[in-house]
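Colleague: Submitted below is the structure of interest, expressed as structure tokens.
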Amino acid sequence: MLFLKDIKQIITSLGNKPLAGENQKKINVFKNYSIFIKNGKIFSFDKKDKILKKFPEVKKAKEIDCKELIAFPGFIDCHTHLVFAGQRRDEFYLKLKGIPYMEIAKKGGGILSTLKATRKISFDNLLEGAGKKLKKAISYGTTAIEIKSGYGLNLKDELKQLKVIRELKKRAPIEIVPTLMSAHEIPPEFKNKRSGYIDLILNEIIPKVARENLASFCDVFCERGVFTEEETILILKKAREFGLKLKVHSDEFSDSGGAKVAGLLRCTSAEHLAFPSEEGLKLMGKNKTVAVLLPGVQFFLKSKDIPPIEKFKKYNVPIALATDFNPGSSPTQNIQFIAKLGVYLLGLMPEEAVNAITINSAFALDLAERKGTIEEGKDADLNLFEMEHYLDFFYYFGDNFLKYTISKGKIVWKI
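Under my numbering, the sequence shown is numbered contiguously, ending at residue 1268.
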């Protein structure tokens, strides 16, 4: 049991719907409230005296004086590629010179570079490296995280990545959501027979992953030069047949039809979305498909291709933010920095950015019944910051005020 006493400010949305349009600006500020945590859940959220009177067992709980602390819901990083081997520092100068990401990939860099390293590494070494990366993510306040495969691109190595994620899930103090992304790129051995690789995904990889319960979602990179709109639909429909929920990497470099696919198939989320069609956004808004925006990519690649925020709002598309942690286009586990980029680079208001890494990210992972807000009955996932006001989180854009991270009622990181 844990008793968070006299919290200066508690910043949270409430309710069980994703927030979009003007509603994404809505947030609640509770002053001098306390939280009683029991059995990993928020058992009571009220004024201190009321909790003490109603629940005498509070006196046996570990107590934290929070008079100088501000509480946010635990941050949810709903899009990462955390399990990989190798590094891509050698591409860094190319990026600084302005050479496009897709051109680097055509020369053997990009995803295929990481594929070679990930295929070569042993399971144990891949797991060890992933564990270190996950600890870094937790140190920034991440209490739930999605992790994709997609650096194996064959049955054996996609399974290796997903089994590493499964082992991480067993060991980690935070929630992990695994995603199958064998449709991340066409591997080199199928360069001249792409239909053969798609058949492998459809007939071997998806069925095997589903039978072994290794993934909750399936994701496809719908983009020119990668997977077409038609191929994306084919793969996602097959994944749905096997019980997987759906995501789409969409419209990162061009309008590739990904937003439209996400809306038509009622995908849980669509990611990137620098060039979504208005038709696609209308469908996404209608079906409450969450737009997962990844400003770390624009920042790291020095890209001016900023997602059209006002159009997302116009069509009531819920906006989430995530790190897209990967070695090629967004090498950061810092979800706090991503929220700040949401404000400074994408033009979100601070409250919109908070909701984008909490409640809307929870919906992007189908976790909103348990996570994403501070409410009685939900998982006790919270971050406590030593700040004067919640806006300091954004105003002091280079600082990390995090004092405690609590996941499922346990302190998993503290200063």
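Quick reminder that beta carbons are idealized off the backbone N, C-alpha and C, glycines included. Model, not experiment: these values are computed from the prediction.
#1: For Leu867, count the other beta carbons within 10 Å of its own beta carbon; 16 or more makes it buried, fewer makes it exposed. Which is it?
#2: What are the boundary residues of the alpha helix (DSSP H) that includes Thr1085?
#3: Any idea what DSSP makes of Ile1027, helix, strand or coil?
#4: Which complete beta strand (DSSP E) runs does the segment 1028-1057 hold, if anything under 3 residues is left out?
#5: In the structure shown, what three-state DSSP assignment does Tyr1168 receive?
#6: By the three-class DSSP mapping on this structure, what secondary structure does Asn885 have?
#7: Based on Cα-Cα distance, which residue from Val1073, Asn1208, Asn876 lies nearest to Leu1055?
#8: State the CB to CB distance for the pair Glu1038 and Ile974, rounded to an integer number of angstroms; the pair is presumed to be in contact (CB under 8 Å).
#9: Smallest Cα separation from Ile1191: which of Phe1247, Leu1053, Asp1158?
#10: Might you give, ordered along the chain, the residues of its own chain that have their beta carbon closer than 6 Å to the beta carbon of Ala1206, omitting 5 neighbours on each side?
#11: Cα separation between Ala1215 and Ile991?
#12: Do you know how far the Cα of Tyr993 is from the Cα of Asp1252?
#13: Output needed for Ser839: all residues of its chain with C-beta closer than 8 Å, excluding positions within five of it in sequence on either side, in chain order.
#14: Determine the burial state of Phe976: buried for a count of at least 16 other Cβ atoms within 10 Å of its Cβ, exposed for fewer.
#15: For Lys1141, collect the residues of the same chain with a Cβ closer than 7 Å to its Cβ; drop the 5 residues on either side in sequence, then sort them by chain order.
#16: For the beta strand (DSSP E) that contains Asn1066, what are its first and last residues?
#17: What residue ranges within the segment 1139-1222 form continuous beta strand (DSSP E) runs of no fewer than 3 residues, ordered along the chain?
#18: For the beta strand (DSSP E) containing Asn1236, name the first residue and the last one.
#19: Beta-carbon within less than 7 Å of Ser1182's beta-carbon, same chain only, minus the 5 sequence neighbours each way: which residues are those?
Modeller: In this structure, then:
#1: exposed
#2: 1082-1094
#3: coil
#4: 1028-1036
#5: coil
#6: strand
#7: Val1073
#8: Contact flag wrong, Cβ pair sits at about 18 Å.
#9: Phe1247
#10: Ala1192, Gly1195, Val1196
#11: 16 Å
#12: 11 Å
#13: Look at the range of the chain in this structure, 854 to 1268, and you will see that residue 839 is not part of it.
#14: exposed
#15: Pro871, Pro1171
#16: Where Asn1066 is concerned, there is no enclosing beta strand (DSSP E), given that its DSSP letter is neither H nor E.
#17: 1143-1146, 1172-1174
#18: 1235-1238
#19: Tyr954, Val1150, Phe1153, Leu1154
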